[in-house]
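In full-length UniProt numbering, the protein residues as written are 1 to 305.
Before any comments, here is the structure.
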């Protein structure tokens, strides 16, 4: 039995709550990681706070919409199928646009840093981001008239264009970051004795988070392009995914750094034999103290440091 539009929104609200709970856990971990770090992490921390606040706002808006649809409205299907003139729906859509804007801007900033401050690498992603935000705002503004629906010409055409540009922005930026990490590993391969890929974990984190956001956007694009009203049902889930992915990157990097510190600490520790009630009966001195510091093995001196 096919779900009604009201049931679809109820299911998506439940999934949005799950993603929001995940974001709460990741946000607390990110505060712990970034709060104890240097001042270079302030931008990432500020972006995480803004995105978490926007995600919280959208959850509240979704809850208000559920009350409006299932409590104060005669039919939930009619409420969700006629979003025109609905200020709550329009506010939630604008929150989604701002949240994706912050997520994509943070991603482009990571690309800028990894490429050593080369602005020309970020020109194409910045153009795509600007076009995406402008067209998405036009699409949401098309719902201001009370007669507008999800199948209206302006809302439909600009909505598809906005999601297409969002997908292009994420793909372009993530591919640029992954290529930079791959190139850095190739350049430093001759200086290392290890045969494994040094930046494999970093690339996997970028690919996983980029694939998560891109897959969510493509699904929404496909549903909306098919002409179904369910195309805009997953906006709440997409908002939470756009928040979870950057927080997930910070959490994974923090876990990796903590493991590396633990590994380096365990390698530098050594045991000292415990001696109790031992009397020293003889002291031996060398007339040539410089001879004791000289060794035939060059590695012996480094082992003593």
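C-beta atoms are modelled at their ideal positions from N, C-alpha and C, and glycine is treated no differently.
Quantities reported herein were computed from a predicted structural model and do not represent experimental measurements.
Among the residues of its own chain, which have a CB less than 8 angstroms from the CB of residue i, if the five just before and after it don't count?
{"i": "residue 170", "result": "104, 107, 210, 213, 214 and 217"}
{"i": "residue 99", "result": "51, 54, 55, 58, 239, 242 and 243"}
{"i": "residue 23", "result": "52, 55, 240, 243, 244 and 247"}
{"i": "residue 225", "result": "160 and 231"}
{"i": "residue 11", "result": "3"}
Beta carbon of residue i, beta carbon of residue j: below 8 angstroms?
{"i": "residue 140", "j": "residue 81", "result": "no"}
{"i": "residue 314", "j": "residue 177", "result": "Residue coverage of the chain in this structure runs from 1 to 305, which leaves residue 314 outside it and unanswerable."}
{"i": "residue 235", "j": "residue 9", "result": "no"}
{"i": "residue 221", "j": "residue 167", "result": "yes"}
{"i": "residue 152", "j": "residue 231", "result": "no"}
{"i": "residue 30", "j": "residue 17", "result": "no"}
{"i": "residue 28", "j": "residue 77", "result": "no"}
So, helix, strand or coil for residue i, using DSSP?
{"i": "residue 303", "result": "Because residue 303 carries a pLDDT of 29, less than 50, the predicted location of this residue cannot be relied on, and the following value inherits that uncertainty. Correct three-state label for residue 303: helix."}
{"i": "residue 115", "result": "coil"}
{"i": "residue 144", "result": "coil"}
{"i": "residue 4", "result": "coil"}
{"i": "residue 75", "result": "coil"}
{"i": "residue 99", "result": "helix"}
{"i": "residue 317", "result": "Because the chain is modelled from 1 through 305, residue 317 falls outside the range shown and cannot be assessed."}
{"i": "residue 41", "result": "helix"}
{"i": "residue 233", "result": "coil"}
{"i": "residue 152", "result": "coil"}
{"i": "residue 227", "result": "coil"}
Rank the options by C-alpha distance to the C-alpha of residue i and give the top, closest one.
{"i": "residue 85", "options": "146, 206 and 62", "result": "146"}
{"i": "residue 13", "options": "63, 3 and 42", "result": "63"}
{"i": "residue 201", "options": "77, 41, 249 and 233", "result": "249"}
{"i": "residue 179", "options": "47, 127 and 206", "result": "206"}
{"i": "residue 172", "options": "203, 125 and 28", "result": "125"}
{"i": "residue 4", "options": "255, 49, 226 and 75", "result": "75"}
{"i": "residue 46", "options": "17, 102 and 174", "result": "102"}
{"i": "residue 253", "options": "7, 6, 21 and 34", "result": "34"}
{"i": "residue 227", "options": "118, 15 and 156", "result": "156"}
Give me, in chain order, the residues of the same chain whose beta-carbon lies closer than 6 angstroms to that of residue i; leave out the 5 immediate sequence neighbours on both sides.
{"i": "residue 83", "result": "89 and 143"}
{"i": "residue 129", "result": "104 and 169"}
{"i": "residue 79", "result": "69 and 73"}
{"i": "residue 138", "result": "158"}
{"i": "residue 65", "result": "88"}
{"i": "residue 112", "result": "122"}
{"i": "residue 219", "result": "none"}
Just to confirm my understanding: we take residue i, look at its own chain, exclude 5 residues before and 5 after, and list those with CB closer than 7 angstroms. What are they?
{"i": "residue 26", "result": "244, 247, 248 and 251"}
{"i": "residue 61", "result": "88, 91, 92 and 95"}
{"i": "residue 19", "result": "237, 240, 241 and 244"}
Please determine if the stretch 208–215 and the stretch 65–77 are in contact, where contact requires at least 3 C-beta pairs separated by less than 8 angstroms.
no
Three-pair Cβ contact test at 8 angstroms for the stretch 118–137 versus the stretch 159–179
yes
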